[in-house]
């Protein structure tokens, strides 16, 4: 595939590509040379425009559907458009007020996250997704181990944002309360203050590199924690709203394609991993088609933004829609919602 940095377009080609993408996003119909001649503002003949379009097709920026003589953007064409030609619109006052008042009406963090997801879907008419605070990027405050039975221990994990997770661990022998306190103290001294995903990574390294030098209690603590941190982020840490909006999108007129997308929403693991990629981004991230890395989202674009509390990124939200979406309209909705969500979350605390 041609790299974007390798693509150099003349002013004429850039103007025609910009107009073609805009026209296709608006109408959903392949764009012909006569339409571009009329709409581009360039005083060019249809024959000249056809030659330029042939060059754009050679670059992999547009393609010709089998059923039409017109052209449509490829995923690379959308990427060039988004990266070099897009002018984002300011969000209208009505939508700003709707987002602000909707989030302000939430009475607790869970309701706030659901409201953010619903607002994203309502305003864009696509699917809204929110990765809840905490999860892999929450910082560990402490772990406590309590005996339950000879083969079971209760692990209590507390993160710095105050969330508490309990999990029963199965062990191969009975541990005295004093042993469990010692194991927890060792673990907390070593990992307290680290993000949970960092704890998981360091646990693997410690088991590989330091197992020989660890005494029995150290190995016990690390083994218990490794079991506790062994799973990926829980699927209930992401909220999805408005999936059915995609049924009204002409681009998803094939039942099998919709089923794949809905299955991805239901399983959530692909979405979680995709949103997780956006945690460290500053501002908007846009994944177009195959850029997501997931087959179910090949015909989708995902627009995301992290949201913050006290200057620290604690989650991600976004919109999932067709690659033929109005990026200039969706981006400000995602951006403003992320900003307002961080403020609303802080006010609840």
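Numbering (the working numbering), first residue to last: 5 to 353. Even glycine gets a Cβ: it sits at the ideal position worked out from N, Cα and C. None of the values given here were measured: they were computed from a predicted structure.
For residue i: DSSP bridge partner residues
i: residue 308; result: 289, 322
i: residue 313; result: 316
i: residue 144; result: 163
i: residue 77; result: 66
i: residue 90; result: According to DSSP, residue 90 bridges with nothing at all.
i: residue 132; result: 245, 323
i: residue 199; result: 143
Whole-angstrom distance between residue j and residue i, CA atom to CA atom
i: residue 81; j: residue 115; result: 39 angstroms
i: residue 255; j: residue 210; result: 49 angstroms
i: residue 56; j: residue 17; result: 6 angstroms
i: residue 43; j: residue 329; result: 20 angstroms
i: residue 274; j: residue 320; result: 14 angstroms
i: residue 262; j: residue 250; result: 8 angstroms
i: residue 33; j: residue 128; result: 21 angstroms
i: residue 162; j: residue 74; result: 58 angstroms
i: residue 14; j: residue 335; result: 27 angstroms
i: residue 265; j: residue 301; result: 7 angstroms
i: residue 148; j: residue 244; result: 33 angstroms
i: residue 306; j: residue 268; result: 13 angstroms
i: residue 50; j: residue 25; result: 18 angstroms
i: residue 204; j: residue 181; result: 25 angstroms
Expected contact under 8 angstroms - CB spacing of residue i and residue j to nearest Å
i: residue 89; j: residue 22; result: 5 angstroms
i: residue 28; j: residue 76; result: 5 angstroms
i: residue 293; j: residue 280; result: Contact doesn't hold; Cβ gap of about 19 angstroms is too wide.
i: residue 130; j: residue 246; result: 7 angstroms
i: residue 63; j: residue 53; result: That belief does not hold up - the Cβ atoms of residue 63 and residue 53 are roughly 16 angstroms apart, past 8 angstroms.
i: residue 284; j: residue 197; result: With a Cβ gap of about 18 angstroms, residue 284 and residue 197 do not count as contacting.
Per-residue DSSP class, three states only, for residue i
i: residue 299; result: helix
i: residue 170; result: strand
i: residue 43; result: helix
i: residue 153; result: strand
i: residue 11; result: coil
i: residue 38; result: helix
i: residue 32; result: coil
i: residue 158; result: strand
i: residue 106; result: helix
i: residue 69; result: coil
i: residue 16; result: helix
i: residue 242; result: strand
i: residue 179; result: coil
i: residue 258; result: coil
i: residue 119; result: helix
i: residue 251; result: helix
i: residue 349; result: helix
i: residue 137; result: coil
Exposed unless 16 or more other CB atoms sit within 10 angstroms - verdict on residue i
i: residue 60; result: buried
i: residue 352; result: exposed
i: residue 35; result: buried
i: residue 272; result: buried
i: residue 185; result: exposed
i: residue 152; result: exposed
i: residue 172; result: exposed
i: residue 83; result: buried
i: residue 30; result: exposed
i: residue 20; result: buried
i: residue 159; result: buried
i: residue 174; result: exposed
i: residue 259; result: exposed
is_contact[residue i, chain D] using C-beta, thresh 7 angstroms
i: residue 322; result: Absent here is chain D; the protein component of the structure consists of one chain.
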